[in-house]
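Under the UniProt record's numbering, the letters of the sequence shown match residues 1 to 400, in that order.
I have placed the structure first, in the form of structure tokens, so that the comments after it can refer back to it.
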Amino acid sequence: MKATHGSRHGRFMVRQAHHEAGVGRWDAEEEAVRHAEIAGAGFAGLTAAIALRQRGWSVRVHEADAELRAFGAGIFIWENGLRVLKAIGAYDDVVAGAYAAPGYHTSRDGERLAYERINGANRFRLLTMTRQHLYAAILAAARRMDIEIITSSAATGAAPEGVLHLADGRSMPADLVIGADGVRSAVRDSLGLIDARNKYQDGIIRVLVGRATLKGGVWDDVIDFWSFSPRPLRILYTPCGEDDLYMAMMAPTADREASSIPVNAEVWIRSFPQLAPALSAIGDRGRYDLYETTTLKRWSAGRTALIGDAAHAMPPTLAQGAGCAMMNALSLAVAVSDADDIDAALRRWEARERPLTDHTQSRAAHLAGSRALADGMPWEDDCFRAARHIPTGTPPQMHL
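So, in structure tokens, the structure goes:
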């Protein structure tokens, strides 16, 4: 029988049930275990759940969708994210199916502008993969920890004293509540924590297709294709394995032809004829999402904390949305692990971790608004502070 939870002095008691003649009886012996309720079973929510479970907490995760899955696209994980994956026990599974491109270059209107070797004897380690692959690895790590995940269980809000409210009318008390329920977070909105939300001129279509003939030589690199004639468009061409290709296709919101779903392949092929084999294969896949940022007055209220897109949604221009989400989820678990005062621990956690996230979000927003990446990735710039960061909860000499 699953353990159940009841509050006493702010702690949750895990009690082993026994059955006599079909009637449950509680043992007198009780062990104090802190408990967390988490809204959202995405990258951030599962990372927080695993990290808390590793530190002796009981955890329950609520996912609004009926299935546990990731949106069908690709994703970049820099070294900071790889360190977190190592810490939560998902690294080996991720690496087993990830792709390490030899180089990253920028091309504008057919001219190669910049090139950087990656994943070799240099300071930039970057793995690309499908989001499904990354998610499956993190989910497997959560399953190994026997973490309870409830699907079709949507959060409608939370209270600062540590209560998660669900769409079915239940209220779930906990020592800690975590809102990891995405850019439209109901937990965050119920607490009135939004400071600003900004939207930008461009958005992105994310699609996965087969690589077809786009293999070998330069086609094994990550390539940032830009075109400004006859219209401003961008395709971040990203191999995710031997056969999988991820394309992040940027188009202005005002450009109805280029931002339409289903994708108008002919519009894109006119600007990027070399990618015709991949663009012709898109069909009805993909969705268009506007670039936007969300900043909060603070990342917590009482014993309720926000992580991931719920706390700091950012444009994907630095590919650090997932990296920052996982870093902050792990560091949150470290901060509250043995804290007597959860409220104070959350304030210290934010003071320590937020400056780097704010910096990364600001740089990503600048790149989104200015389209500065058309001149090449600023490898020497402070944009890569997060990618080079050693996350809280990971040792400096961690072997990857």
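Each residue gets a CB set at the ideal place from its N, CA and C atoms; glycine is no exception.
The structure displayed is predicted, hence computed values, not measured ones.
Note to self: On the criterion of 16 or more Cβ atoms from any shown chain inside 10 Å, does residue 206 qualify as buried, or is it exposed?
What the structure shows: In the sequence shown, counting from the first residue as 1, residue 206 sits at position 206. With a threshold of 16 other beta carbon atoms within 10 Å, residue 206 meets it and is buried.
Could you tell me whether the stretch 156-164 touches the stretch 107-117, where touching means 3 or more Cβ pairs closer than 8 Å?
-> no
Quiz item: Which residues bound the alpha helix (DSSP H) around residue 225?
Solution: Sequence index remark: in the sequence shown, residue 225 carries index 225 (1-based). Per DSSP, residue 225 belongs to no alpha helix (DSSP H); it is in the beta strand (DSSP E), 222-227.
Problem - Element boundaries [beta strand (DSSP E), containing residue 78] - result: In the sequence shown, counting from the first residue as 1, residue 78 sits at position 78. Start and end: 74-78.
| field | Closest residue to residue 39 among 163, 318 and 247 (Cα-Cα distance) | value | In the sequence shown, the residue the question calls residue 39 occupies position 39. Ranking the options by Cα distance to residue 39, first place goes to 163.
ask   = Counting pairs of Cβ atoms below 8 Å between the stretch 189-203 and the stretch 221-228, do you hit three or more?
value = In short, these stretches do not touch, since the Cβ pair count stays below three.
Next item on the list: Determine the burial state of residue 132: buried for a count of at least 16 other Cβ atoms within 10 Å of its Cβ, exposed for fewer.
Entry: One-based indexing of the sequence shown puts residue 132 at position 132. Buried, by the Cβ-count rule.
Q.
Going by beta-carbon coordinates alone, are residue 51 and residue 330 separated by less than 8 Å?
A. Within the sequence shown, numbered from 1, the residue matching residue 51 stands at position 51. Within the sequence shown, numbered from 1, the residue matching residue 330 stands at position 330. Yes, the Cβ-Cβ distance between residue 51 and residue 330 is below 8 Å.
Within the stretch 239-284, note down every full beta strand (DSSP E) run reaching 3 residues or more, in order along the chain.
244-252
**Request:** Please name the residue, chosen from 41, 366 and 340, that lies closest to residue 383 on a Cα-to-Cα basis.
**Result:** The sequence position of residue 383 within the sequence shown is 383, counting from 1. Ranking 41, 366 and 340 by Cα distance to residue 383 puts 366 first.
Exercise. Below 6 Å CB to CB, which residues in the same chain sit around residue 390 once its five sequence neighbours on both sides are set aside?
Key: The count along the sequence shown starts at 1 and reaches residue 390 at position 390. For residue 390, where only same-chain residues beyond five positions count, the Cβ hits under 6 Å are 396.
Next on the checklist: If I measure Cβ to Cβ from residue 319 and keep anything under 6 Å in the same chain, skipping five residues before and after, which residues do I get?
Outcome noted: The residue labelled residue 319 in the question sits at position 319 within the sequence shown. Around residue 319: 76.
### Task
Assign residue 328 to one of three DSSP states: helix, strand, or coil.
Taking the sequence shown and counting its residues from 1, the one referred to as residue 328 is at position 328. Helix, per DSSP.
**Prompt:** Looking only at DSSP bridge pairs, what is residue 350 linked to?
**Reply:** The residue labelled residue 350 in the question sits at position 350 within the sequence shown. Residue 350 is bridged by DSSP to nothing; it lacks a bridge partner.
Since residue 286 contacts residue 253 with CB under 8 Å, what's their CB separation in whole angstroms? In the sequence shown, residue 286 corresponds to position 286, counting from 1. In the sequence shown, residue 253 corresponds to position 253, counting from 1. With a beta-carbon spacing of about 15 Å, residue 286 and residue 253 fall beyond the 8 Å limit used to define contacts.
> From residue 263 to residue 95, what does the alpha carbon distance come to, in whole angstroms?
Replying inline: One-based indexing of the sequence shown puts residue 263 at position 263. One-based indexing of the sequence shown puts residue 95 at position 95. About 31 Å.
Worksheet item: In three-state DSSP terms, what is residue 101?
Response: Position 101 of the sequence shown, counted from the first residue, corresponds to residue 101. The answer is coil: DSSP assigns residue 101 none of H, G, I, E or B.
Report task. Would you identify the three-state DSSP class for residue 47, choosing helix, strand or coil? Result -> To locate residue 47, count along the sequence shown from 1; it is residue 47. Three-state DSSP puts residue 47 in a helix.
Subject >> 8 Å contact criterion, which residue 360 and residue 385 should meet: CB distance rounded >> reply: Taking the sequence shown and counting its residues from 1, one reaches residue 360 at position 360. Taking the sequence shown and counting its residues from 1, one reaches residue 385 at position 385. Their Cβ separation, rounded to whole angstroms, is 7 Å, which keeps residue 360 and residue 385 in contact under 8 Å.
Discussion item. In this structure, how does DSSP classify residue 165 when only helix, strand and coil are distinguished?
Written reply: What you label residue 165 is simply residue 165 of the sequence shown in a count that begins at 1. The answer is strand: DSSP assigns residue 165 an E or B state.
Using the DSSP secondary-structure output, state which residues sit across from residue 300 in a beta bridge. For the purposes of this step, residue 300 is taken as residue 300 along the sequence shown, with counting starting at 1. In the DSSP output, where bridge partners are listed per residue, residue 300 has 305.
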